[in-house]
């Protein structure tokens, strides 16, 4: 059985209850930046809880995930308006349309080549955008794969989840794609991150499991106590652990490199935790769709 320790968790009101805080990342200004998927806004919250919101051109653009870029700005996907957005730490916003109609960009990460790489969930493509807005797209070998989250691996490749193909994919700077099917049927992976052990860690929202894949494709899976917990996003901390959200169970979980799992109940019921990241203060920050941002201090 997992440990159920009590860790101090604070919540900061970040938006109206219908704005939908979703993705979150640590910015170059030592603040947390998050998307508000239902209101078309980007939010900024300091470690002390001060919140600022910036409105996108379209309130229905569906900003989803967000990452710090190589240019000291924040980059994010606009799932519904099929654009990649950029916001500076002073709030200046630029938006870049994608060549493929109805691409549905979702995951985004800073690549090893001073560009941003992103998934096109509705077009079965991986995209690359330079800081000046030049976009290149690379088709995947599977149709209906719904590529979701993406991150840069320690091997210089981009690793991404293929939610409807129940697989993990990689793409190199040479544009070669490799697909690793998961052992569990209908695993539906979503979030993925690079662990301190040099492997990639991911969540299986359909199977209630945490997965680990090595650079050569060896996969291990760790079952959560509640198979219906629907783990959604995952992030590594500075101590070699990975933290993940349990969207269906209203919890934040932690898994060690040897597979030990701890879980922490969130204070507000049905808060719908989505994105998660390590903050500049060493705490774990999570975007809650009920309109708040949670801060968990590890013990």
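Residue numbers (our numbering): 11 to 309.
Ideal placement from N, C-alpha and C gives every residue a C-beta, glycine not left out.
What are the residues that DSSP puts in a beta bridge with residue i?
i: residue 221; result: 212, 231
i: residue 156; result: Bridge partners of residue 156: none, in fact.
i: residue 126; result: 120, 139
i: residue 275; result: 261
i: residue 51; result: 46, 65
i: residue 190; result: 178
i: residue 105; result: 95
i: residue 254; result: 244, 263
i: residue 149; result: 135
i: residue 170; result: 160, 179
i: residue 87; result: 94
i: residue 115; result: 130
i: residue 77; result: 85
Going along the chain, which residues of its own chain have a beta-carbon closer than 7 Å to the beta-carbon of residue i, five neighbours each way excluded?
i: residue 41; result: 54, 55, 56
i: residue 69; result: 49, 50
i: residue 28; result: 48
i: residue 109; result: 145, 147
i: residue 123; result: 183
i: residue 193; result: 229, 231
Can you name, in chain order, every residue of its own chain whose Cβ lies under 8 Å from the Cβ of residue i, other than the five neighbours on each side?
i: residue 32; result: 44, 45, 46, 47, 73, 74, 75, 284, 285, 297, 299
i: residue 148; result: 135, 136, 137, 138, 181, 185, 187
i: residue 14; result: No answer about residue 14 holds up, because its pLDDT of 46 lies below 50 and its placement is not dependable.
i: residue 77; result: 35, 84, 85, 86, 118, 119, 120, 126
i: residue 196; result: 176, 216, 217
i: residue 238; result: 218, 258, 259
i: residue 23; result: 61, 301, 302
i: residue 165; result: 225
Just to confirm the assignment, what range does the beta strand (DSSP E) spanning residue i have?
i: residue 242; result: 241-246
i: residue 93; result: 93-97
i: residue 201; result: 199-204
i: residue 71; result: Unbroken run through residue 71: none, as it is neither H nor E.
i: residue 283; result: 283-288
i: residue 305; result: 302-306
i: residue 179; result: 177-181
i: residue 280; result: Taken as a continuous stretch (DSSP letters only), residue 280 belongs to no beta strand (DSSP E), as it is neither H nor E.
i: residue 297; result: 294-298
i: residue 100; result: Unbroken run through residue 100: none, as it is neither H nor E.
Leaving out the 5 sequence neighbours to the left and right, which residues in its chain are closer than 6 Å to residue i when beta-carbon positions are compared?
i: residue 264; result: 251, 253, 272
i: residue 310; result: No answer is possible for residue 310: it lies beyond the span of the chain, which begins at 11 and ends at 309.
i: residue 269; result: 232
i: residue 96; result: 83, 85, 104
i: residue 170; result: 129, 157, 160, 179
i: residue 294; result: 253, 306
i: residue 172; result: 155, 157, 179
i: residue 11; result: Low confidence applies to residue 11: its pLDDT is 40, below 50, so where it sits in the model is not reliable, and the reading given next is rough at best. Excluding positions up to five away in sequence, the list is empty.
Exercise. If you scan the stretch 16-43 from start to end, which runs of the beta strand (DSSP E) of 3 or more residues do you find wholly inside it?
Worked result: As far as the stretch 16-43 is concerned, its whole beta strand (DSSP E) runs of at least 3 residues are 19-23, 31-36.
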